[in-house]
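**Q**
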Amino acid sequence: MDIKRRQFLKIAGLSTIAGLGAPAAFNLLLKGESSPVSFASSGAGAEVSHDAAPTGVRLGMVVDQRVFDANQGLAQKCITACHLVHNVPNFGNPKDEIKWIFGVPYEKAFPTMSHYHRDEHLHNSRFLVFCNHCDNPPCVRACPTKATFKRKDGIVAMDYHRCIGCRFCMAACPYGMRSFNWRDPRPFIDKATYNKEFPTRMRGVVEKCNFCVERLVKGLQPACVEACGSSGAMVFGDLNDSHSEISKVLKENFTIQRKASLGTLPSVFYIV
Amino acid sequence: MYDGKLIIPGLIVFVALMTFPIWKNMGNAGPVPKLEKPKGVTKCVESVQYMRTSHMKVLDDWRDQVLREGNRTPVEVEGVKYDRSLMNGCMKCHTEKKKFCDECHTYTSVKPYCWDCHYVPKETF
Ligand code: SF4
Ligand code: SF4
Ligand code: SF4
Numbered sequence: 075m076d077i078k079r080r081q082f083l084k085i086a087g088l089s090t091i092a093g094l095g096a097p098a099a100f101n102l103l104l105k106g107e108s109s110p111v112s113f114a115s116s117g118a119g120a121e122v123s124h125d126a127a128p129t130g131v132r133l134g135m136v137v138d139q140r141v142f143d144a145n146q147g148l149a150q151k152c153i154t155a156c157h158l159v160h161n162v163p164n165f166g167n168p169k170d171e172i173k174w175i176f177g178v179p180y181e182k183a184f185p186t187m188s189h190y191h192r193d194e195h196l197h198n199s200r201f202l203v204f205c206n207h208c209d210n211p212p213c214v215r216a217c218p219t220k221a222t223f224k225r226k227d228g229i230v231a232m233d234y235h236r237c238i239g240c241r242f243c244m245a246a247c248p249y250g251m252r253s254f255n256w257r258d259p260r261p262f263i264d265k266a267t268y269n270k271e272f273p274t275r276m277r278g279v280v281e282k283c284n285f286c287v288e289r290l291v292k293g294l295q296p297a298c299v300e301a302c303g304s305s306g307a308m309v310f311g312d313l314n315d316s317h318s319e320i321s322k323v324l325k326e327n328f329t330i331q332r333k334a335s336l337g338t339l340p341s342v343f344y345i346v
Numbered sequence: 811m812y813d814g815k816l817i818i819p820g821l822i823v824f825v826a827l828m829t830f831p832i833w834k835n836m837g838n839a840g841p842v843p844k845l846e847k848p849k850g851v852t853k854c855v856e857s858v859q860y861m862r863t864s865h866m867k868v869l870d871d872w873r874d875q876v877l878r879e880g881n882r883t884p885v886e887v888e889g890v891k892y893d894r895s896l897m898n899g900c901m902k903c904h905t906e907k908k909k910f911c912d913e914c915h916t917y918t919s920v921k922p923y924c925w926d927c928h929y930v931p932k933e934t935f
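Order-wise, the sequence lines are chains A and B. Counting from 75, one number per residue, gives the positions in the first sequence under the numbering used here. Counting from 811, one number per residue, gives the positions in the second sequence under the numbering used here.
(1) Would you grab the beta carbon distance between aspartate 233 of chain A and leucine 896 of chain B for me? Rounded to a whole angstrom, and I think it's under 8 Å.
(2) Spell out a yes or no on whether the region 275-284 of chain A and the region 170-179 of chain A are touching, meaning 3 or more CB-CB pairs, one atom from each, closer than 8 Å.
(3) Quick check on the DSSP output: what are the complete alpha helix (DSSP H) runs of length 4 or more inside the region 835-903 of chain B, in order along the chain?
(4) Can you find the residues in the same chain that come closer than 6 Å, C-beta to C-beta, to alanine 216 of chain A, ignoring five residues on each side of it along the sequence?
(5) Count the C-beta pairs between the region 145-163 of chain A and the region 816-825 of chain B that are closer than 8 Å, then say yes if the count reaches three, no if not.
(6) Given a limit of 7 Å on CB to CB distance, which residues of the region 264-285 of chain A reach chain B?
(7) Please output, in chain order, the residues near ligand 1 using a CB cut-off of less than 6 Å to any non-hydrogen atom of the ligand.
(8) If we cut at 7 Å on Cβ distances, does asparagine 898 of chain B have a partner in chain A?
(9) With distances taken Cα to Cα, identify the nearest neighbour of alanine 301 of chain A among A:Gly95, A:Arg275, A:Arg132, A:Leu158.
(10) What residue from A:Arg80, A:Gln331, A:Gly311, A:Glu288 has the CA that sits closest to lysine 322 of chain A's CA?
(11) List the endpoints of the continuous alpha helix (DSSP H) containing tyrosine 344 of chain A.
(12) For the region 895-929 of chain B, which residues have a beta carbon sitting closer than 8 Å to at least one beta carbon of chain A?
(13) Starting from the Cα of valine 920 of chain B, find the closest Cα among B:Thr852, B:Met866, B:Thr829 and give me that residue.
(14) Let me see if you follow: with CB-CB separation under 7 Å, is arginine 882 of chain B close to chain A or not?
(15) Rounded to whole angstroms, what is the Cα-Cα separation between isoleucine 77 of chain A and isoleucine 91 of chain A?
(16) On the DSSP letters alone, give me the boundaries of the alpha helix (DSSP H) that leucine 816 of chain B sits inside.
(17) Of the residues that make up the region 308-325 of chain A, which ones have a beta carbon closer than 7 Å to any beta carbon in chain B?
(18) How would you call proline 212 of chain A, buried or exposed, if buried means at least 16 neighbouring beta carbons within 10 angstroms?
(19) Cβ closer than 7 Å: which chain B residues qualify as neighbours of arginine 225 of chain A?
(20) Within a Cβ cutoff of 6 Å, which residues of the same chain sit near isoleucine 238 of chain A, ignoring the five residues on either side of it in sequence?
(21) What is the rounded straight-line gap between the Cα of glycine 87 of chain A and the Cα of proline 168 of chain A?
(22) Output yes if chain A places a C-beta closer than 7 Å to the C-beta of glutamate 886 of chain B; else output no.
(23) Going by the CB atoms, is the gap between valine 137 of chain A and arginine 308 of chain A shorter than 7 Å?
(24) Is the region 179-186 of chain A touching the region 330-339 of chain A in the sense that three or more CB pairs, one from each, lie closer than 8 Å?
(25) Going along the chain, which residues of its own chain have a beta-carbon closer than 8 Å to the beta-carbon of isoleucine 817 of chain B, five neighbours each way excluded?
(26) Alpha carbon to alpha carbon, what distance is there between glutamine 331 of chain A and histidine 191 of chain A?
(27) With respect to 6 Å, is the separation between the Cβ of asparagine 161 of chain A and the closest non-hydrogen atom of ligand 3 below this value?
(28) Which residues in the same chain have their Cβ closer than 7 Å to the Cβ of arginine 277 of chain A, if we skip the five residues on either side of it in sequence?
(29) Ordered along the chain, which non-local residues of its own chain (more than five positions away) have a Cβ less than 7 Å from that of serine 116 of chain A?
(30) Measuring alpha carbon to alpha carbon, tell me which residue in B:Cys900, B:Ile832, B:Gly880 is nearest lysine 292 of chain A.
(31) Count the other CB atoms within 10 Å of the CB of threonine 852 of chain B; is the residue buried (16 or more) or exposed (fewer)?
(32) Keeping to the same chain, check which residues put their C-beta closer than 6 Å to that of tryptophan 872 of chain B; ignore five residues upstream and five downstream.
(33) Beta-carbon within less than 8 Å of aspartate 315 of chain A's beta-carbon, same chain only, minus the 5 sequence neighbours each way: which residues are those?
(34) Return yes when at least one heavy atom of ligand 3 lies under 6 Å from the C-beta of isoleucine 175 of chain A, else no.
(35) Measuring only between beta-carbons, confirm whether aspartate 170 of chain A sits less than 7 Å from chain B.
(36) Just to confirm my understanding: we take cysteine 914 of chain B, look at its own chain, exclude 5 residues before and 5 after, and list those with CB closer than 7 Å. What are they?
Shown next as structure tokens:
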């Protein structure tokens, strides 16, 4: 057979491409839809639409900024409550800082919202931000060890035993809700208020808000919600239960989510 | 061999010296830690033998059940409920880390890093 090396390579190349691409293309055409992004390896549900499937429990939170604005000092109470029960160290410098929940101005909390001629009261407001327990969490997909994972009830949880400190999750979280332990946190936890029921972390792991899983099993509210008392500044509950208090609050108020356009489906809502 | 008369006895002496600690301690692994039982409780969550060989497996399983499956139902033994937890379970009876953990771990030369994060009743602070 008279075939030049050049021709042979061309044919071989084309057949390879056809062989690799054809089944995928065939499947696509067969189903008549584009294939959904696969989250199989991350343990997160393949939920990409903006209306999360109303099945199962999906825990979430509503932060009512109107109450926080009227109650100066309340936000600090929430921060203190959270950091105390979870043995969050205080390094006293912003470089090493570990934060599970903290206050930021409007433009930091909602950078994708319009800031042109914004509401007067928003100039001084400080919004409490913490992990959004996203329904489509990029941190979970980024974590190579499954140290960060999504639970059935929607909580994005961490297993510090498995965390190797690679900080991929920190790069992946579009909200900056994760902190890295650059130093041994133990000496920086106040001995007087140490919570003996909850562990500390060690140097080299990442940590963040855990939606107070350890309190929920005891039938308690998250520490920050409890700190708000009866003010209703924070409401916690099942977003998928149409009779829950949080659903009622969400039905009655206009709420916004942080960077909703990214498709992470945050489970934390703000009434501004 | 050139200088064989010196080299071979020299080697023998060297080997004998280097392995001396092994010969000396042969058949004697040092004083075995004396076990002390927690007061007022007679039964653990598993048999003594199983706990002796596999307590780390119990802890690993508990960790996965608690953190990943969200299963925190206490383990019940003879009507007493124990949390699936090192700090809030095991250490409630085995209160002294020095006696219940360190002694054997030192003896067997293992260095678990549980205490980097978990609280030790007295020693941590
Ligand atoms: S807010 Fe960040 S850390 Fe929390 S679930 Fe979403 S991506 Fe992950
Ligand atoms: S730092 Fe830890 S939690 Fe974050 S991605 Fe790496 S292993 Fe996962
Ligand atoms: S839900 Fe719990 S962990 Fe999260 S910010 Fe509130 S108190 Fe902290």
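By construction, the Cβ of each residue, glycine as well, lies at the ideal position given by its N, Cα and C atoms.
**A** According to the structure shown:
(1) Not confirmed; about 14 Å, so no contact.
(2) A contact between stretches requires three or more CB pairs, one per stretch, nearer than 8 Å, and the region 275-284 of chain A meets this requirement with the region 170-179 of chain A.
(3) If only uninterrupted alpha helix (DSSP H) runs of at least 4 residues are considered, those enclosed by the region 835-903 of chain B are 858-877.
(4) Hits under 6 Å: Phe242, Cys243, Ala246.
(5) No: fewer than three Cβ pairs fall under 8 Å.
(6) Residues passing the 7 Å Cβ filter: Lys265, Tyr268, Lys270, Glu271, Pro273, Thr274, Arg275, Met276.
(7) Working through the chain, the matches are A:Cys205, A:Asn206, A:His207, A:Cys208, A:Pro211, A:Pro212, A:Cys213, A:Val230, A:Cys247, A:Tyr249, A:Met251, A:Arg252, A:Lys282, A:Thr338.
(8) With a threshold of 7 Å between beta carbons, asparagine 898 of chain B makes contact with chain A.
(9) For alanine 301 of chain A, the nearest C-alpha among the options comes from A:Leu158.
(10) Closest option to lysine 322 of chain A, judged by alpha-carbon separation, among A:Arg80, A:Gln331, A:Gly311, A:Glu288: A:Gly311.
(11) First-last for tyrosine 344 of chain A: 342-345, but that is the beta strand (DSSP E), not the alpha helix (DSSP H).
(12) Those residues of the region 895-929 of chain B placed with their C-beta closer than 8 Å to a C-beta in chain A are Met897, Asn898, Tyr923, Asp926, Cys927, His928, Tyr929, ordered along the chain.
(13) Checked all of B:Thr852, B:Met866, B:Thr829; the closest Cα to valine 920 of chain B is B:Met866.
(14) The beta carbon of arginine 882 of chain B falls within 7 Å of a beta carbon belonging to chain A, placing the residue at that interface.
(15) Roughly 21 Å between the two C-alpha positions.
(16) Note, leucine 816 of chain B: alpha helix (DSSP H), 814-828.
(17) Against chain B - using a Cβ distance shorter than 7 Å - the region 308-325 of chain A contributes no residues.
(18) Within 10 angstroms of the beta-carbon of proline 212 of chain A lie 16 or more other beta-carbons, which makes it buried.
(19) Those are Gly880, listed as they occur along chain B.
(20) Once the five neighbours on either side are set aside, the close Cβ partners of isoleucine 238 of chain A are Thr219.
(21) If you take the alpha carbons of glycine 87 of chain A and proline 168 of chain A, they lie about 55 Å apart.
(22) At a cut-off of 7 Å between beta carbons, glutamate 886 of chain B makes no contact with chain A.
(23) Looking at the sequence shown, residue 308 of chain A is not arginine but methionine. In this structure, methionine 308 of chain A lies near valine 137 of chain A, with their beta-carbon atoms less than 7 Å apart.
(24) Contact between the region 330-339 of chain A and the region 179-186 of chain A is present, because at least three Cβ pairs lie under 8 Å.
(25) Same-chain partners within the cutoff: Met811.
(26) Cα to Cα, the separation comes out at about 20 Å.
(27) Result no, Cβ not under 6 Å from ligand 3.
(28) Sequence-distant partners of arginine 277 of chain A (beyond 5 residues in either direction) whose C-beta falls short of 7 Å from its own C-beta, in its chain, are Asn255, Arg257, Asp258.
(29) Any reading at serine 116 of chain A must be qualified, since the residue scores a pLDDT of 45, below 50, and its modelled position is unreliable; the value itself is stated next. Result list for serine 116 of chain A: Val214, Arg215, in chain order.
(30) Considering only alpha carbons, the answer is B:Gly880.
(31) So threonine 852 of chain B ends up on the exposed side.
(32) Excluding five sequence positions before and after tryptophan 872 of chain B, the CB atoms of its chain that fall closer than 6 Å to its own CB belong to Arg894, given in chain order.
(33) Result list for aspartate 315 of chain A: Val131, Ser321, in chain order.
(34) For isoleucine 175 of chain A, the distance from the CB to the nearest heavy atom of ligand 3 is below 6 Å.
(35) By the rule that beta-carbons nearer than 7 Å mark a contact, aspartate 170 of chain A does not touch chain B.
(36) For cysteine 914 of chain B, where only same-chain residues beyond five positions count, the Cβ hits under 7 Å are Pro843.
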